[in-house]
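**Q** Note that the protein sequences, when read in sequence, are chains A and B.
In terms of my numbering, the first sequence opens at residue 174 and continues consecutively.
In terms of my numbering, the second sequence opens at residue 174 and continues consecutively.
Beta carbons: idealized from backbone N, C-alpha and C, even for Gly.
Have a look at the structure that comes next, please.
There are 2 protein chains.
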Amino acid sequence: MASLTDNGALSPMVRKLAAWAALSPEDERAILELPYTVRSFSPGGYIVRDGDKPQNSCVLLSGFAYRHKIVGDGGRQILSIHMKGDLVDLHNSLLHTADHNVQALSQVELACIPHEAVKELAFARPTVGVAMWYDTLVDASIHREWIANVGRRDGRTRTAHLLCEFGVRLETAGLGSTREYDMPMTQEQLSDCTGLTPVHMSRSLKALESEGLVRRTKRAVSIDDWGRLAEAGDFRPDYLHVTMPGIPLL
Amino acid sequence: MASLTDNGALSPMVRKLAAWAALSPEDERAILELPYTVRSFSPGGYIVRDGDKPQNSCVLLSGFAYRHKIVGDGGRQILSIHMKGDLVDLHNSLLHTADHNVQALSQVELACIPHEAVKELAFARPTVGVAMWYDTLVDASIHREWIANVGRRDGRTRTAHLLCEFGVRLETAGLGSTREYDMPMTQEQLSDCTGLTPVHMSRSLKALESEGLVRRTKRAVSIDDWGRLAEAGDFRPDYLHVTMPGIPLL
DNA sequence: CCGCCTCTTTGACTTATGTTACGGTGCAAG
DNA sequence: CTTGCACCGTAACATAAGTCAAAGAGGCGG
Numbered sequence: 174m175a176s177l178t179d180n181g182a183l184s185p186m187v188r189k190l191a192a193w194a195a196l197s198p199e200d201e202r203a204i205l206e207l208p209y210t211v212r213s214f215s216p217g218g219y220i221v222r223d224g225d226k227p228q229n230s231c232v233l234l235s236g237f238a239y240r241h242k243i244v245g246d247g248g249r250q251i252l253s254i255h256m257k258g259d260l261v262d263l264h265n266s267l268l269h270t271a272d273h274n275v276q277a278l279s280q281v282e283l284a285c286i287p288h289e290a291v292k293e294l295a296f297a298r299p300t301v302g303v304a305m306w307y308d309t310l311v312d313a314s315i316h317r318e319w320i321a322n323v324g325r326r327d328g329r330t331r332t333a334h335l336l337c338e339f340g341v342r343l344e345t346a347g348l349g350s351t352r353e354y355d356m357p358m359t360q361e362q363l364s365d366c367t368g369l370t371p372v373h374m375s376r377s378l379k380a381l382e383s384e385g386l387v388r389r390t391k392r393a394v395s396i397d398d399w400g401r402l403a404e405a406g407d408f409r410p411d412y413l414h415v416t417m418p419g420i421p422l423l
Numbered sequence: 174m175a176s177l178t179d180n181g182a183l184s185p186m187v188r189k190l191a192a193w194a195a196l197s198p199e200d201e202r203a204i205l206e207l208p209y210t211v212r213s214f215s216p217g218g219y220i221v222r223d224g225d226k227p228q229n230s231c232v233l234l235s236g237f238a239y240r241h242k243i244v245g246d247g248g249r250q251i252l253s254i255h256m257k258g259d260l261v262d263l264h265n266s267l268l269h270t271a272d273h274n275v276q277a278l279s280q281v282e283l284a285c286i287p288h289e290a291v292k293e294l295a296f297a298r299p300t301v302g303v304a305m306w307y308d309t310l311v312d313a314s315i316h317r318e319w320i321a322n323v324g325r326r327d328g329r330t331r332t333a334h335l336l337c338e339f340g341v342r343l344e345t346a347g348l349g350s351t352r353e354y355d356m357p358m359t360q361e362q363l364s365d366c367t368g369l370t371p372v373h374m375s376r377s378l379k380a381l382e383s384e385g386l387v388r389r390t391k392r393a394v395s396i397d398d399w400g401r402l403a404e405a406g407d408f409r410p411d412y413l414h415v416t417m418p419g420i421p422l423l
């Protein structure tokens with residue numbers, strides 16, 4: 174458990190929630206004073222497994238994680254990607270039993286908060302509670318966009334859309350910009366986000382590159398003309414419910 | 174606005190929330206005493222449009238509704254189906270601006286509650302608040318399953334899965350059973366749930382029927398062997414987070 | 001520096017699903 | 001009774017995406 178002296182390990186959580194509601198200084202302090210333990214994971218490590226009954230709600234302090242399900246024939250579908258500040262596991266802990274897996278994508282540091290403490294705080298301080306609720310609602314909104322992405326767009330459009338989403342979210346998290354960002358995912362993982370095969374993901378990326386819409390070096394993505402990529406990806410950021418001055422609307 | 178004398182128009186909402194948390198009699202009364210107005214819609218009527226700033230959170234009193242998005246090329250993706258007791262619009266009203274459409278599927282009666290009243294109740298009575306939060310989390314869980322369904326299962330499996338989900342949800346809502354239920358959707362609408370074309374939905378349904386997994390007459394569905402249909406649909410109901418004795422686990 | 005990973009690219013081929021089109025059925029309105 | 005409309009079925013054909021396989025391209029440990 175943390176003492177006040179380690180001074181703000183939970184500040185990424187404050188930053189995230191402050192985007193959703195106007196937190197008072199006391200609200201912020203109450204968040205920072207939540208009890209937690211820090212755990213770290215190597216790439217591929219399981220944070221939660223389908224069927225677990227997690228006792229903690231986890232905040233990502235650094236690194237990336239992803240949620241996924243395995244379907245009957247062994248296929249994997251990635252459901253969402255999480256980054257610094259994200260409340261990775263409010264869903265599973267509040268629902269009592271996990272309905273999907275959460276796995277580390279990179280080296281990950283996690284703050285684990287007993288979910289009873291989270292619930293207490295939510296109802297003791299309505300503003301914080303609204304912010305947390307709002308956060309889970311935004312997650313759901315992203316899920317809806319993914320349903321549409323996977324269900325009704327072709328491969329090239331889907332991957333462009335995904336790259337746009339990453340750009341905006343990384344920028345709002347302070348980890349990059351819509352012009353350039355790092356995203357440590359393999360093409361296989363990207364393909365599992367979009368319901369494609371790895372081969373087809375490779376083809377789609379190649380198509381986007383040869384049209385000059387993105388450049389990639391290793392795991393870094395550069396976007397020279399955001400407008401064209403957003404158009405190719407049928408991307409409008411409304412569903413992310415962020416309003417930051419820096420984000421181009423199209 | 175309602176007076177106490179119209180006696181329990183919001184009871185479907187009580188029934189729904191009572192499934193998620195142990196409501197006290199006072200909790201139930203507080204819900205029933207929420208202010209509301211009733212509106213009705215004909216099939217196809219818009220309850221909320223993408224971009225609206227709804228002031229109300231709506232409860233479905235009767236009939237069916239669906240949420241959907243229109244993508245760039247005009248394609249439609251249905252995101253979820255709603256039935257009696259569902260809080261159709263907590264998401265959109267709490268997020269301030271709607272990121273998708275909600276439309277009536279059949280004749281619909283709706284109770285519209287000012288969302289400020291909902292929020293106040295949620296924080297005045299934590300048990301009710303938890304139940305509402307939980308409800309939105311279950312919605313998100315269903316969204317995740319749909320991502321996997323659309324992304325990683327073939328047409329026949331997808332449609333079997335959808336038919337299973339309807340069975341379980343209608344049974345828990347008291348509107349049918351996993352052996353037989355009514356669902357007033359056209360094949361075009363079913364295809365928009367699954368990311369298929371209407372033609373292929375027709376093929377998939379035909380396949381399931383010719384294997385003896387379902388029978389359909391008009392808009393009614395009969396399932397003789399739940400186990401076989403669930404297997405064909407790769408369906409396990411965990412993600413619905415219902416625990417009713419009547420629901421076969423496989 | 002070598003060898004062994006994992007990841008990516010590419011090609012040839014297959015297949016599930018999309019497209020277009022037309023005919024049938026049932027229901028509702030006049 | 002007719003007409004029209006919305007939905008459904010189905011056939012022939014087109015194509016996006018999947019599959020299988022093999023060969024580069026890094027990166028990393030020994």
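Using a cut-off of 7 Å between C-beta atoms, extract the partners of B:I320 located in chain A.
**A** Ordered by position in chain A, the residues that pass the 7 Å Cβ test against B:I320 are Q250, L252, H316, W319, I320 and V323.
**Q** For B:I315, which residues in the same chain have their Cβ closer than 8 Å to its Cβ, ignoring the five residues on either side in sequence?
**A** S253, E338, Y412 and L413
**Q** Within 10 angstroms of the Cβ of A:G258, are there 16 or more other Cβ atoms? Answer buried if so, exposed if not.
**A** buried
**Q** Taking the C-alpha atoms as reference points, what is the distance between B:S215 and B:V221?
**A** Rounded to the nearest angstrom, the two C-alpha atoms are 14 Å apart.
**Q** Excluding the five sequence neighbours on either side, which residues of its own chain have a C-beta within less than 7 Å of the C-beta of A:Q250, listed in chain order?
**A** H241, K242, V244, D365 and G368
**Q** List the residues of chain B that A:L381 touches, going by C-beta distances under 9 Å, in chain order.
**A** Neighbours of A:L381 on chain B: none; closest Cβ ~16 Å, over 9 Å.
**Q** Our contact map puts B:L336 next to B:L278 with C-beta atoms below 8 Å; I'd like the distance itself, whole angstroms only.
**A** Their Cβ separation, rounded to whole angstroms, is 16 Å, which puts B:L336 and B:L278 out of contact at 8 Å.
**Q** Are A:R424 and A:S395 close, meaning C-beta to C-beta below 8 Å?
**A** Only positions 174 to 423 of chain A appear in the structure, and residue 424 of chain A is not among them; the question remains open.
**Q** Which residues, taken in chain order from the stretch 186-202 of chain A, show a beta carbon closer than 7 Å to some beta carbon of chain B?
**A** Those residues of the stretch 186-202 of chain A that come within reach of chain B (Cβ to Cβ, closer than 7 Å) do not exist; the list is empty.
**Q** So which of A:P410, A:T416, A:E201 and A:A182 has the shortest CA-CA distance to A:M305?
**A** A:E201
**Q** B:K242 by DSSP, collapsed to three states: which one?
**A** Strand, per DSSP.
**Q** With respect to the alpha helix (DSSP H) encompassing B:V211, which residues constitute its N-terminal and C-terminal limits?
**A** Taken as a continuous stretch (DSSP letters only), B:V211 belongs to no alpha helix (DSSP H), being part of the beta strand (DSSP E) at T210 to F214.
**Q** On the DSSP letters alone, give me the boundaries of the alpha helix (DSSP H) that A:E361 sits inside.
**A** Q360 to T367
**Q** Tell me, please, which residues DSSP counts as bridged to B:H255.
**A** B:A238
**Q** Cβ closer than 7 Å: which chain B residues qualify as neighbours of A:F296?
**A** F296, P299 and G302
**Q** Could you work out which residue in A:A271, A:L267, A:P299 and A:Q276 is closest to A:I286 when comparing CA atoms only?
**A** Distance from the Cα of A:I286 is smallest, within the candidate group A:A271, A:L267, A:P299 and A:Q276, for A:L267.
**Q** Taking the C-alpha atoms as reference points, what is the distance between B:D262 and B:S184?
**A** 17 Å
**Q** Suppose you measure from the CA of B:V397 to the CA of B:A346; what does that come to, to the nearest Å?
**A** Here residue 397 of chain B turns out to be Asp, not Val, going by the sequence shown. Going from the Cα of B:D397 to the Cα of B:A346 covers about 21 Å.
**Q** Just grab the DSSP bridge partners of A:D355 for me.
**A** A:A393
**Q** Counting only Cβ pairs nearer than 7 Å, list the residues of chain B close to A:K226.
**A** Going along chain B, no residue has its Cβ under 7 Å from A:K226, so there is no contact; the nearest lies around 12 Å.
**Q** At which residues does the beta strand (DSSP E) containing B:Y412 begin and terminate?
**A** B:Y412 -> no beta strand (DSSP E), and no H or E assigned at all.
**Q** Does the stretch 325-335 of chain A come close enough to the stretch 325-336 of chain B that 3 or more CB-CB pairs lie under 8 Å?
**A** no
**Q** Would you mind telling me which residues of chain B sit closer than 9 Å to A:L267, beta carbon to beta carbon, in chain order?
**A** V303, W306, Y307 and L310
**Q** Please report how far the alpha carbon of B:L205 lies from the alpha carbon of A:A405, in whole angstroms.
**A** 48 Å
**Q** Specify whether the stretch 371-381 of chain A and the stretch 286-305 of chain A touch according to this definition: at least 3 beta carbon pairs, one from each stretch, less than 8 Å apart.
**A** no
**Q** Within 10 Å of its beta-carbon, does A:K391 have 16 or more other beta-carbons around it, so buried, or fewer, so exposed?
**A** exposed
**Q** So with CB distances below 7 Å, who are the chain A contacts of B:R326?
**A** V244
**Q** Excluding sequence positions up to five away, which residues of its chain have a Cβ less than 8 Å from the Cβ of B:Q362?
**A** Y239, I251 and L278
**Q** At 7 Å on the CB atoms, spell out the chain A contacts of B:Y412, in chain order.
**A** D272
**Q** Tell me which residues share the same chain as A:A195 and place their Cβ nearer than 6 Å to its Cβ, disregarding the 5 neighbours each side in the sequence.
**A** none
**Q** How would you label B:V291, buried or exposed, when you count the other beta carbons within 10 angstroms and need 16 or more for buried?
**A** buried
**Q** Give, in chain order, every residue of the stretch 365-376 of chain B whose Cβ lies closer than 7 Å to some Cβ of chain A.
**A** G368
**Q** Pull up the distance between the alpha-carbon of A:L283 and that of B:V232, whole angstroms please.
**A** 38 Å
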